[in-house]
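Asker: Okay, so the sequence shown: first residue is 1 according to our numbering, each after it adds one.
All residues carry an ideal CB built from backbone N, CA and C; glycine is no exception.
Keep in mind the model is a prediction, meaning the values are calculated, not measured.
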Amino acid sequence: YGFLAERADFSQACQDQGISFIGPKPSSISAMGDKQVARETVSKAGVPVVPGTEGQGDLTDKALLKIAPEIGFPLLIKPSAGGGGKGMREVANIKEMPGLLTASRREAESSFGDGNIYLEKLIQGARHIEIQILADQHGNVIHLGERECSIQRRHQKLLEEAPSPFIGDDQALRDKMGEVAVQAARAVDYINAGTIEFLVNANKEYYFLEMNTRLQVEHPVTEAVTGIDIVKEQIRIAAGLSLQHKQEDIIFKGWAMECRINAEDPFRDFMPSTGLITQSILPAGPGIRIDTGVYSGFEISPYYDALISKLIVHEETREETITRMKRALDEYRVLGIRTNIPFHQALLENTNFLAGEFNTQFIQDGNLPVSDTSMDQSLPEIAALTAVLATHKRTQRSAVSMQRGRRDTSNWKWISRWERTKE
């Protein structure tokens, strides 16, 4: 993943120079990178798609305004390129549409260098469920089951889990969605790891949303429940090796959940928070995994994604996973900036979330009021913890100084130097 992961021209440049690109072929990236092309491609392969703009090419605002009533409101304006919810706008009626078209094009052009947009019917109350696939260079394609990604704000995921509480014990639905995901991958002759995203309505009818031709942020939850190292598989596939696993080998073991820890303020509409991380204290223990690239002294700038770490928990059941995640979030401390940890803490106490009754509009519909008092109450605890850590470090330094006779070099090094002087 990264800035170049979904660039077909970069994949082609590697191929031209004889460099193995750990990812799909340029043609697959192009086919799935443009969402309009992707919709048309998978639709021809028999994969159900959300009703929307048909065909390819850049449509003018005038053309989109004419098509919109045929699709029906509410609908979504979506950029053909990119992802992460950028440039997407919900449209309730034709009157507000012109301004939203302009705003969507502007953001798409700024974010992705491509102002092409299209329309898609907004399926209200839908779940966002995705299927992880692996495909080698020998025609073998398998899926690794689903991930539940419905907890979002502004179309950007905040928490993911596997399996999906919505699919639950419906193995027939799981198998069918997996088969359709494999079908979509085969439609573009896909190689390496990828993700097919679906919208699923209350009647368990599913529609192709898009394909991500890279490693997803949330891939660790799939790794946890399947025991498969997806990155390792990516490297093996790029090396020309066959898949190690067959479809019948893929069995979920336990439940996994990932909280995206973002540098943003949940009390101020998730406004980005920048500045210096003065202290970072990570949770630890059995069943806990942290993927992060920040640390005490790290500067959070406004120029990159707000994600600073991923907190993943794996347990036997969803209830046990949530309990352990609560403890991990309680232990997690990031000082100097605001994070969305209080949001996750409030989410894991919400009765609807605990019951698995939520969809992509869960936050938007006001189901999760987060009070700023939750952070205020933790400040004395944070201050006390910081003081204890500082005292502990001073005590350690004093003890080491006494043991060494106030030398900064270890006794082992002094003995070694002394032996050399005798020679």
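Give the DSSP bridge partners of ASP305, in chain order.
Answerer: Partner(s): none; ASP305 has no beta bridge.
Asker: If contacts are defined as beta-carbon pairs under 8 Å, then TRP255 and THR323 qualify, I think. What distance do you get, rounded to the angstrom?
Answerer: TRP255 to THR323, Cβ: 11 Å. No contact.
Asker: Quickly, what does DSSP pair HIS128 with across the bridge? List them, please.
Answerer: According to DSSP, which records beta bridges pairwise, HIS128 is partnered with LEU199.
Asker: Counting only runs of 4+ residues fully inside the region 192-246, write out the alpha helix (DSSP H) ranges in chain order.
Answerer: Listed in chain order, the complete alpha helix (DSSP H) runs (minimum 4 residues) inside the region 192-246 are 219-226, 230-238.
Asker: Would you give the residue range spanned by the alpha helix (DSSP H) that VAL182 belongs to?
Answerer: It spans 171-187 - the alpha helix (DSSP H) in which VAL182 sits, taken as one unbroken run.
Asker: Between GLU264 and ALA346, what straight-line distance do the alpha-carbon atoms span, to the nearest angstrom?
Answerer: Approximately 15 Å, taken between the alpha carbons.
Asker: Is ILE288 closer than 7 Å to ILE337 when the C-beta atoms are compared?
Answerer: No.
Asker: Taking C-alpha atoms, which residue in ASP16, PRO48, GLN15, GLU6 lies nearest to SER30?
Answerer: Residue GLU6 is the option with its Cα nearest to SER30.
Asker: Does DSSP classify GLU40 as helix, strand or coil?
Answerer: The answer is helix: DSSP assigns GLU40 an H, G or I state.
Asker: What are the boundary residues of the beta strand (DSSP E) that ALA162 is part of?
Answerer: Counting along the chain, the beta strand (DSSP E) containing ALA162 begins and ends at 156-162.
Asker: In angstroms with no decimal places, state the Cα-to-Cα distance between VAL142 and LYS246.
Answerer: A small fix is needed here, since residue 142 is Ile in this sequence, not Val. So the alpha carbons of these two residues sit roughly 7 Å apart.
Asker: What's the gap between the Cα of LYS232 and the Cα of ASN192?
Answerer: Approximately 11 Å, taken between the alpha carbons.
Asker: From the DSSP output, read off the bridge partner residues of PRO51.
Answerer: Beta-bridge pairing links PRO51 to no other residue.
Asker: With a CB to CB cut of under 8 Å and the five nearest residues on each side skipped, what residues in its chain are close to ILE123?
Answerer: Hits under 8 Å: VAL50, LEU199, ASN201, TYR207.
Asker: So, at 8 Å on beta carbons, what are the nonlocal neighbours of PRO165 in its own chain, with the 5 sequence-adjacent residues on each side left out?
Answerer: Same-chain partners within the cutoff: GLU148, ARG318, GLY356.
Asker: Between the beta-carbon of VAL47 and the beta-carbon of VAL180, is there less than 7 Å?
Answerer: Yes, these two residues count as a Cβ contact at 7 Å.
Asker: So, is SER445 buried or exposed, given that buried needs 16 or more other C-beta atoms within 10 angstroms?
Answerer: Residue coverage of the chain in this structure runs from 1 to 423, which leaves residue 445 outside it and unanswerable.
Asker: What's the C-alpha gap between ILE161 and GLN216?
Answerer: Correcting the residue identity first, residue 161 is Glu in this sequence and not Ile. Going by the C-alpha atoms only, they are around 13 Å apart.
Asker: For the candidate residues SER28, ARG260, LEU335, whose alpha-carbon lies nearest to that of ILE151?
Answerer: With distances taken between Cα atoms, ILE151 lies closest to ARG260.
Asker: Do the CB positions of GLU96 and LEU76 come within less than 7 Å of each other?
Answerer: No, they are not a contact pair.
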